[in-house]
Amino acid sequence: MNRLEANSINLSYGKKTIINDLDIKIPKGEVTILIGANGSGKSTLLRALARLMKPDNGQIILDGENIFKLPTKEVAKNLSILPQNPNAPEGMTVFQLVKQGRYPYQSLFQQWSKEDEKVVNKALQETKMVELKDRTVDSLSGGQRQRAWIAMTLAQNTEIILLDEPTTYLDLAHQVEILDLLDELNKNEDRTIVMVLHDLNLAFRYADHIVAIRDKEIYAKGKPYEVVTPEMVRNVFGMKCRIINDPVSDTPLCVPIGNKKVVNL
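Just so you know, we're using the numbering used here here: the sequence shown kicks off at 214 and counts up by one.
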């Protein structure tokens with residue numbers, strides 16, 4: 214059963230429609246990556262799936278229920294989101310940030326517990342942030358800062374994790390580091406991960422399931438080797454390319470065709 218899905222949703226900002234009559238089912242226990250040109254609605258769709266944006270029409274369904282009718286804390290125990298470019302208060306340490314992930318489990322009668330401590334320490338270990346836990350978030354490098362935010366998301370201890378451009382502004386080595394971490398969480402802990410990525414080749418390498426968005430709707434969806442074709446890239450991104458096999462991951466590799474001389478392969 215798909216725990217998270219959207220049925221016939223319309224999303225808009227004011228009078229501008231961003232997503233039109235879209236249906237999507239998020240495969241449980243897989244890595245789903247949303248791709249599309251700038252302004253295609255990827256991040257907007259992710260926000261709606263996280264209950265941060267209410268559809269004009271249609272429904273977001275979590276475990277068979279309209280997500281907007283569920284208590285906030287119940288949703289937060291099942292689904293977490295890391296938005297693009299999050300900001301921490303000045304002077305906040307990594308440990309203080311990661312502790313914020315435990316807010317769904319706190320109440321007037323249930324304060325900080327040994328279980329909270331255990332989960333936070335596990336999140337720090339998984340993201341290799343234990344030695345940096347007393348550093349302030351604003352003193353970290355870009356890759357370290359992103360790992361700190363992912364640790365906070367892990368401390369929320371949800372099966373479903375949504376991430377909007379988790380590799381933005383990171384160099385290639387740190388991008389691969391973050392994506393390897395998410396891949397391990399998926400494979401080792403059966404986390405369902407949904408993320409937006411701009412880098413097509415990294416998306417094709419790490420995705421179990423690709424969703425390509427064009428003109429307010431889903432253009433193609435499925436396993437990378439099923440949907441990644443020169444026609445798909447041309448129609449979704451307006452770019453000519455060749456698709457070859459990635460010799461490292463045995464996944465599709467997109468080679469753009471620009472104005473440079475093209476060598477026959």
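From the three backbone atoms N, C-alpha and C, an ideal C-beta is built for every residue, glycine too.
{"Check": "Identify whether M461 lies in helix, strand or coil by the three-state DSSP scheme.", "Outcome": "It should be noted that the sequence gives Val, not Met, for residue 461. Coil at V461, not helix or strand."}
{"Check": "So is Y226 buried or exposed if we call it buried at 16+ other beta carbons inside 10 Å?", "Outcome": "exposed"}
{"Check": "Whole angstroms is fine: what's the gap from V389's alpha carbon to V332's?", "Outcome": "25 Å"}
{"Check": "For the stretch 241-269, which segments carrying the alpha helix (DSSP H) assignment without a break, of at least 4 residues, lie completely within its bounds, in sequence order?", "Outcome": "255-262"}
{"Check": "When DSSP builds the beta bridges, which residues end up paired with Y226?", "Outcome": "K229"}
{"Check": "If you follow the alpha helix (DSSP H) that V343 is part of, which residue opens it and which one closes it?", "Outcome": "Per DSSP, V343 belongs to no alpha helix (DSSP H) and is neither H nor E."}
{"Check": "What is the rounded straight-line gap between the Cα of H422 and the Cα of A433?", "Outcome": "10 Å"}
{"Check": "What are the boundary residues of the beta strand (DSSP E) that includes E303?", "Outcome": "It is not in any beta strand (DSSP E) - E303 carries neither H nor E in the DSSP assignment."}
{"Check": "Beta-carbon separation of K376 and M342 under 8 Å?", "Outcome": "First, the amino acid is wrong: residue 376 is Leu here, not Lys. No, the Cβ-Cβ distance between L376 and M342 is not below 8 Å."}
{"Check": "Near V516, which residues of its chain fall below 8 Å by C-beta distance, leaving aside the five closest residues on each side in sequence?", "Outcome": "A query on residue 516 cannot be resolved here, the shown segment of the chain reaching from 214 to 478 and no further."}
{"Check": "Exposed or buried, S221, counting other C-beta atoms within 10 Å across all chains shown (16 or more means buried)?", "Outcome": "exposed"}
{"Check": "Skipping 5 residues on each side, what residues in its chain have a beta carbon closer than 6 Å to that of S157?", "Outcome": "The chain is shown from 214 up to 478; residue 157 falls before or after that span and cannot be answered."}
{"Check": "Would you call the CB atoms of I470 and L235 closer than 8 Å?", "Outcome": "no"}
{"Check": "Pick helix, strand or coil for G435, following the three-state DSSP scheme.", "Outcome": "strand"}
{"Check": "Are the CB atoms of P437 and T464 within a distance shorter than 8 Å?", "Outcome": "yes"}
{"Check": "Mind checking who R427 pairs with in its DSSP beta bridge?", "Outcome": "E430"}
{"Check": "Starting from D377, trace the beta strand (DSSP E) both ways and give me its first and last residue.", "Outcome": "373-377"}
{"Check": "Does DSSP put V441 in a helix, in a strand, or in coil?", "Outcome": "coil"}
{"Check": "Of the choices T380, D276, P299, whose alpha-carbon is the least far from that of V288?", "Outcome": "D276"}
{"Check": "Within 10 Å of its beta-carbon, does I457 have 16 or more other beta-carbons around it, so buried, or fewer, so exposed?", "Outcome": "exposed"}
{"Check": "Is the beta carbon of L392 less than 8 Å from the beta carbon of A364?", "Outcome": "no"}
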